[in-house]
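Line order of the protein sequences matches chains A and B.
First residue of the first sequence? That's 1 in our numbering, and the numbers climb one at a time after it.
First residue of the second sequence? That's 1001 in our numbering, and the numbers climb one at a time after it.
The beta-carbon is built from N, C-alpha and C at its ideal position, and this holds for glycine as well.
The structure appears right after this line, and notes come after that.
There are 2 protein chains.
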Amino acid sequence: MPTPLPLGSTIGIIGGGQLGRMLSVAASRLGFRCHIYEPGAEPPAGQVAHRVTTAAYDDEAALRTFGQSVDVITYEFENIPTTALDILQDLAPIHPGREALRVSQDRLTEKTFLQNLGLKTAPFADITDAESLEAALHDIGTPSILKTRRFGYDGKGQARIMAPEDAAAALADMQGAPSILEGFVEFSHEVSVIAARSLDGAVAAFDPGENVHSEGILRTTTVPARLTASQRSDAVLIAAQVLNALNYVGVLGVELFVTAQGLIVNEIAPRVHNSGHWTQNGCTVDQFEQHIRAVTGWPLGDGQRYADVVMENLIGSDMDRVSALATDADTALHLYGKAETKPGRKMGHVNHIKRV
Amino acid sequence: MPTPLPLGSTIGIIGGGQLGRMLSVAASRLGFRCHIYEPGAEPPAGQVAHRVTTAAYDDEAALRTFGQSVDVITYEFENIPTTALDILQDLAPIHPGREALRVSQDRLTEKTFLQNLGLKTAPFADITDAESLEAALHDIGTPSILKTRRFGYDGKGQARIMAPEDAAAALADMQGAPSILEGFVEFSHEVSVIAARSLDGAVAAFDPGENVHSEGILRTTTVPARLTASQRSDAVLIAAQVLNALNYVGVLGVELFVTAQGLIVNEIAPRVHNSGHWTQNGCTVDQFEQHIRAVTGWPLGDGQRYADVVMENLIGSDMDRVSALATDADTALHLYGKAETKPGRKMGHVNHIKRV
């Protein structure tokens, strides 16, 4: 068993959004302090952190000071510039490690990694120009979807191709960025597994949740998900396989399509995941504490589910419902303290709990 | 219904210990920021607060700056100097109000207040000197206990008088402070009720917990407490009576002795209370969120108990057990991030959960 970080140690978190905020709160329950590194002013995580550095990801001096002030580094998002990681890696351990970031930062690398593990993915092809897109459309067919290889989230950097004549417009949408064409998958529903791996290689998974998206943004996650016992077991095994292949330390989210041909991996996220927020009111140890335990070398905690939960994201004007939600029984509010409500912006979430 | 504080408002918390820390975390879930005022350096609450002021309670300038920066003021301990409150009360609303502080800061005032409400207390007498102590011992008898009227907690400022000849030593222990003699109460066990009252006068109580103390410090609180249905109802009614009499806003703790003659009020605490920590893992809305809801003018939340819980304080060397506790199922750790472990110091607590 590795030596766990002593209580009172400082966890550096790259990114100051709601995931960093909830990680910081979970860290406090275990007696750790958090130091947030975030380019944007007044980050939500800064409201509940011991220390905040406001600096750009190419500010070498700020990165060095941050790295020297912390005992371990983790992150709330995967698109951290490689140059920043090059500086930080000599100053403190980074968990999850760089291999997980390398794989998940690039859709093409990620799909190839998954395929090499023997896991099913949507058909895909590397797109560099109009010719490669034409060839890929010939193989993969339509409808299909063109995505930038890097920096996409919540439906951004994506264009649907319903018929071959949409190809030029879709390619233009990519603005010259390296891209990947993905075939459409016929699926009945999407589920995700939130799983964790500790520093000594132990793996634990939360019960899979069933996700509903709209306009590219997650709306609800429901546990239990509609899965047969063997699908549930497959889902957890896929997550464990990914964790082990990456020699991963921390919490990982795996999105899966449920199809007649089995489970198809949509994508992996090397961090706590929106579809795992239900664990805050359904498990003794939630995904945020589980992640903190893993990256600090603690043993993984008890993630057994004790309630049925529907997690509902509060997006934009959903915030108008907060005062009504505040009086609902068996309903837990989790707001992010963001200064401004904008359409499409995740402002909070609510867990509707049904004790079982 | 009063207008609730808007999301993003700042709650000023006087005192930066573990109660302030857990209040700050609860406030973050509702989208509020906290500003901690605490004389001691590196307060536990500061690790999860938006802002910390480190200044003495007689620092007028610091108090003014603090009061002007917050939208409402609350506190984690009752012994706030009156002079500080005089300055703050003109700058932001203080909840719970000054009457609750006035009553609970002085054991004699508190006992008199409770008696005037028709509630049962231990027999008591005002002690100013050796003569008044001799007269009181004649009335109340021995064993009895001499306590300073103000500033006692966790067994400090108390001396037992087992026989009249102990009187002089006990009085010397008070070091000239105004004191109160309390008769011993024959009780089978102690329970406490954590109850809340909102700005519009609604009252909600958590299920009473049963407390075990040792060396003057709370060791465990167990829910459910051993109470008959009518005792449970009496306990909650007593708390409601106190809340209403004080026109109280926030969470209050009431300690009660269970005796053959009914429930006897031991003391009241105008704040979240150690014996309410079980609510973090037994209720959808815990005592900390309930307090934040009350002082911000929000509706009270759903405090129904969904699990049996034994809350155990981690005191001093109990911290050696943390790594073992971390692997126990149905066990939730809550550590306070205190720099130094000392004998008798509350370092954290753990909730042992049994789903019902």
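By the DSSP assignment, the beta strand (DSSP E) with residue i in it spans what residues?
i         : result
Phe151/A  : Note, Phe151/A: premise wrong, no beta strand (DSSP E); not H, not E.
Val1350/B : 1346-1355
Leu1091/B : Counting along the chain, Leu1091/B falls outside any beta strand (DSSP E), and DSSP gives it neither H nor E.
Asp59/A   : From DSSP, Asp59/A is part of no beta strand (DSSP E); its letter is neither H nor E.
Gly1337/B : Segment: none, Gly1337/B is in no beta strand (DSSP E) and carries neither H nor E.
Ala1159/B : 1158-1161
With a cut-off of 8 Å on the beta carbons, I'd call residue i and residue j a contact; round off their distance for me.
i         : j         : result
Val368/A  : Leu5/A    : Given a span of 1 to 356 for chain A in the structure shown, any question on residue 368/A remains unanswerable.
Phe1187/B : Phe1257/B : 4 Å
Ala1229/B : Glu1210/B : Their Cβ separation, rounded to whole angstroms, is 15 Å, which puts Ala1229/B and Glu1210/B out of contact at 8 Å.
Arg107/A  : Arg149/A  : 5 Å
Val1309/B : Asn1266/B : Not confirmed; about 22 Å, so no contact.
Ala1332/B : Asn1281/B : 5 Å
Ser1028/B : Val48/A   : 5 Å
Ile1180/B : Ala1125/B : 7 Å
Give the DSSP-derived three-state secondary structure of residue i in the structure shown.
i         : result
Val103/A  : helix
Ala135/A  : helix
Glu1038/B : strand
Asn1116/B : helix
Val1070/B : coil
Asp234/A  : helix
Thr121/A  : strand
Gly15/A   : coil
Met3/A    : According to the sequence shown, residue 3/A is Thr rather than Met. Thr3/A: coil per DSSP, three-state reduction.
Leu108/A  : helix
Arg369/A  : As shown, chain A starts at 1 and ends at 356. That puts residue 369/A outside it, with no answer to give.
Ala1332/B : strand
Using the beta-carbon of each residue, which ones in chain B are nearer than 8 Å to residue i?
i        : result
Thr331/A : Thr1284, Asp1302
Arg150/A : Within 8 Å Cβ-Cβ: nothing; Arg150/A doesn't reach chain B, min ~32 Å.
Could you work out which residues of chain B lie near residue i, taking near to mean beta carbons separated by less than 7 Å?
i       : result
Gly40/A : Within chain B, no residue comes near Gly40/A; the closest Cβ sits about 16 Å away, beyond 7 Å.
Arg33/A : Gln1047, Gly1337
For the alpha helix (DSSP H) that residue i lies in, which residues bound it at each end?
i         : result
Gln1018/B : 1018-1029
Thr83/A   : 82-88
Leu325/A  : 322-325
Beta-carbon of residue i versus every beta-carbon of chain E: anything under 9 Å?
i         : result
Gly1015/B : Of the protein chains in this structure, namely A and B, none is chain E.
Under 8 Å Cβ-Cβ, which residues of chain A neighbour residue i?
i         : result
Gln1287/B : The contacting residues do not exist; Gln1287/B stays about 15 Å from chain A at best.
His1334/B : Arg29
Ala1339/B : Gly8
Gly1435/B : With chain B running from 1001 to 1356 in the structure shown, residue 1435/B is simply not present.
Which chain A residues are close to residue i, counting only those with a beta carbon under 7 Å from its beta carbon?
i         : result
Tyr1306/B : Arg355
Trp1298/B : Ala326
What residues of chain A sit near residue i, judged by a beta carbon separation below 9 Å?
i         : result
Gly1316/B : In chain order: nothing, as chain A lies at least about 14 Å away.
Val1025/B : Val25, Ser28, Arg29, Val48
Gly1276/B : The premise fails here: Gly1276/B is roughly 17 Å from chain A at the closest Cβ pair, so nothing lies under 9 Å.
Using the beta-carbon of each residue, which ones in chain B are nearer than 9 Å to residue i?
i       : result
Arg21/A : Ser1028
Any heavy atom of the ligand COA closer than 8 Å to the beta-carbon of residue i?
i        : result
Phe288/A : This structure does not include the ligand COA; it has no bound ligands of any sort.
What runs of the beta strand (DSSP E), each 3 residues or longer, lie entirely inside the segment 237-318 of chain A? 250-259, 262-269, 307-315
To test your reading of the DSSP string, which unbroken beta strand (DSSP E) runs of 3 or more residues are found completely within the segment 1164-1217 of chain B? 1179-1183, 1189-1197, 1203-1205, 1209-1214
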